[in-house]
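Engineer: Protein chains in written order, with my numbering: chain A, 16 to 131; chain B, 6 to 114.
(1) My output table needs one value for residue 127/B: the three-state DSSP class, helix, strand or coil.
(2) Compare the beta carbon distance of residue 103/B and residue 30/B with 9 Å and say whether it is the shorter of the two.
(3) Exposed or buried, what is residue 31/A when buried is set at 16 or more other beta-carbons lying within 10 Å of its beta-carbon?
(4) Examine chain A for any beta-carbon lying closer than 9 Å to the beta-carbon of residue 49/B, and answer yes or no.
(5) What's the call for residue 58/B, buried or exposed, on a 16-neighbour Cβ count within 10 Å?
(6) If you count every other CB in all the chains shown that lies within 10 Å of the CB of residue 76/B, and 16 or more means buried, which is it?
(7) Whole angstroms is fine: what's the gap from residue 21/B's alpha carbon to residue 99/B's?
(8) Is there a C-beta anywhere in chain A that falls below 9 Å from the one on residue 45/B?
(9) From this set, 17/A, 26/A and 18/A, which residue's C-alpha is nearest residue 104/A's C-alpha?
(10) With burial defined as no fewer than 16 other Cβ atoms inside 10 Å of the residue's Cβ, what is the status of residue 63/B: buried or exposed?
(11) Would you verify that the beta carbon of residue 180/A is, or is not, closer than 9 Å to some beta carbon of chain B?
(12) Using the Cβ count rule (16 or more neighbours within 10 Å means buried), how would you classify residue 44/B?
(13) CA-CA distance, residue 81/A and residue 102/A?
(14) Which residues bound the beta strand (DSSP E) around residue 119/A?
(15) Helix, strand or coil for residue 101/A, going by three-state DSSP, please let me know.
(16) Would you tell me roughly how many angstroms separate the C-alpha atoms of residue 15/B and residue 55/A, rounded to the nearest one?
(17) Can you pull the chain B neighbours of residue 55/A, defined as C-beta to C-beta under 9 Å?
So, in structure tokens, the structure goes:
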């Protein structure tokens, strides 16, 4: 079946502009994660959605970052007033939570964001 | 202190070699440990995961957790050029994943 998809695959934007990144998780997966991966760095957790529960936003680096998940499926990560340090690959992952356990997560290909 | 520490490499080995990739972790609470493989410009893919301690084998790959030393390892037997990628270790606890920075592996033909 279809895996996790993300769009756009690449985004170049000017400093100060807002950007929206989209994630389509695997159908039926209730958990959705956003991560940021900078060159030579590991994956930095940003935000976690699980079903209808309030999202875990503890990883968002500033109030310029926000995310929503509509209808328990598609998610959008929005970065306002982008800065050069926001340049990174933004990865989305989804998993099927069973008994509160979401350890098998599947990643999308990522969106490579470049802020000039 | 980071939750998971990993040597970034790069690690270069000849085809057919046994590869050993390692990570250390902090906080010994109940948790799972994972290994992901990430090819260039792709998302990570889950290779295998183990619970808390012990070994798990899947084909040419063996994952090992040493709880006493807080060490997790991935062994690749008979390494192939197609194994060339970045390998990320991670631990999972209470819906949170903590990733190492990844070790870049190059298997030379």
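Glycine included, C-beta positions come from ideal geometry on N, C-alpha and C. Here the structure is a predicted model, which is why all the values come from computation and not from measurement.
Structural biologist: With the given structure in hand:
(1) With chain B represented from 6 up to 114, any question about residue 127/B goes unanswered, as that position is not in the structure.
(2) In the second chain, residue 103/B corresponds to position 98, counting from 1. In the second chain, residue 30/B corresponds to position 25, counting from 1. Contact flag set, yes.
(3) The residue labelled residue 31/A in the question sits at position 16 within the first chain. When all chains shown are included, residue 31/A counts as exposed.
(4) Working through the second chain from its first residue, we reach residue 49/B at position 44. Chain A contact via Cβ: present.
(5) Reading the second chain from its first residue, position 53 is the one you call residue 58/B. Exposed: under 16 other Cβ atoms inside 10 Å.
(6) Your numbering for residue 76/B matches position 71 in the second chain. So residue 76/B counts as exposed.
(7) As a first step, residue 21/B must be located in the second chain, where it is residue number 16. As a first step, residue 99/B must be located in the second chain, where it is residue number 94. Spanning the two alpha carbons is a distance of roughly 38 Å.
(8) On the second chain, residue 45/B is found 40 positions in, with the first residue counted as 1. Not closer than 9 Å to any Cβ of chain A, the Cβ of residue 45/B fails to qualify, so no.
(9) Taking the first chain and counting its residues from 1, the one referred to as residue 104/A is at position 89. Residue 26/A is the option with its Cα nearest to residue 104/A.
(10) Start at 1 with the first residue of the second chain, and residue 63/B comes out as number 58. Flag for residue 63/B reads exposed.
(11) With chain A running from 16 to 131 in the structure shown, residue 180/A is simply not present.
(12) Taking the second chain and counting its residues from 1, one reaches residue 44/B at position 39. With fewer than 16 other Cβ atoms within 10 Å, it is exposed.
(13) Working through the first chain from its first residue, we reach residue 81/A at position 66. Working through the first chain from its first residue, we reach residue 102/A at position 87. Whole-angstrom Cα-Cα distance: 16 Å.
(14) For the purposes of this step, residue 119/A is taken as residue 104 along the first chain, with counting starting at 1. Looking at the DSSP string, residue 119/A is not in any beta strand (DSSP E), and its letter there is neither H nor E.
(15) In the first chain, counting from the first residue as 1, residue 101/A sits at position 86. Residue state, collapsed to three classes: helix.
(16) One-based indexing of the second chain puts residue 15/B at position 10. One-based indexing of the first chain puts residue 55/A at position 40. Cα-Cα distance, rounded: 11 Å.
(17) Working through the first chain from its first residue, we reach residue 55/A at position 40. Residues of chain B passing the Cβ test: 13, 106 and 107.
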